[in-house]
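For what it's worth, this note's numbering labels the leading residue of the sequence shown as 90, then goes sequentially. By construction, the Cβ of each residue, glycine as well, lies at the ideal position given by its N, Cα and C atoms. From a predicted model like this one, the values you see are computed outputs, not experimental measurements.
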Amino acid sequence: MWGIEHPLDVYSYLFKEESDKEFSIYGLMRKGKYDSFSDEDRKIIENDKDISIEEVKVKDPNNPAKLIESILIRG
C-alpha cells in the first residue's frame, strides 16, 4: 500500500507563511491551463491587488527529475 503526501508537504518550497494574514489561499496549475483562460478572466485575476501570480516549476509527479511549468496564485 502507498500513501499520499499532503500538498503543503509536497510543495512546501512554494508556500510562504504570511503572518500578517488571517487567511491565505493558494492555487497551483499548469501554465497551459492558466493560458487557456480567456483574456478577460486573466485580466480580472491579474488586476486584483489582493492576488499575486508567479510562474514556478514543480516536480512532475510521474517523473520527479522532470519539471512542469506552472502558475502559483496566492490570495
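Check: Test item: CB-CB of residue 167 and residue 122 under 9 Å; Outcome: It is not possible to answer for residue 167, since the shown part of the chain is limited to 90 through 164.
Check: Residue 133 vs residue 147 beta-carbon contact at 9 Å; Outcome: no
Check: Anticipated Cβ contact below 8 Å, residue 114 with residue 142, distance rounded; Outcome: About 13 Å separates the two Cβ atoms, so there is no contact after all.
Check: Simplified DSSP state of residue 161, which is helix, strand or coil; Outcome: strand
Check: Cα-Cα separation, residue 110 to residue 94; Outcome: 25 Å
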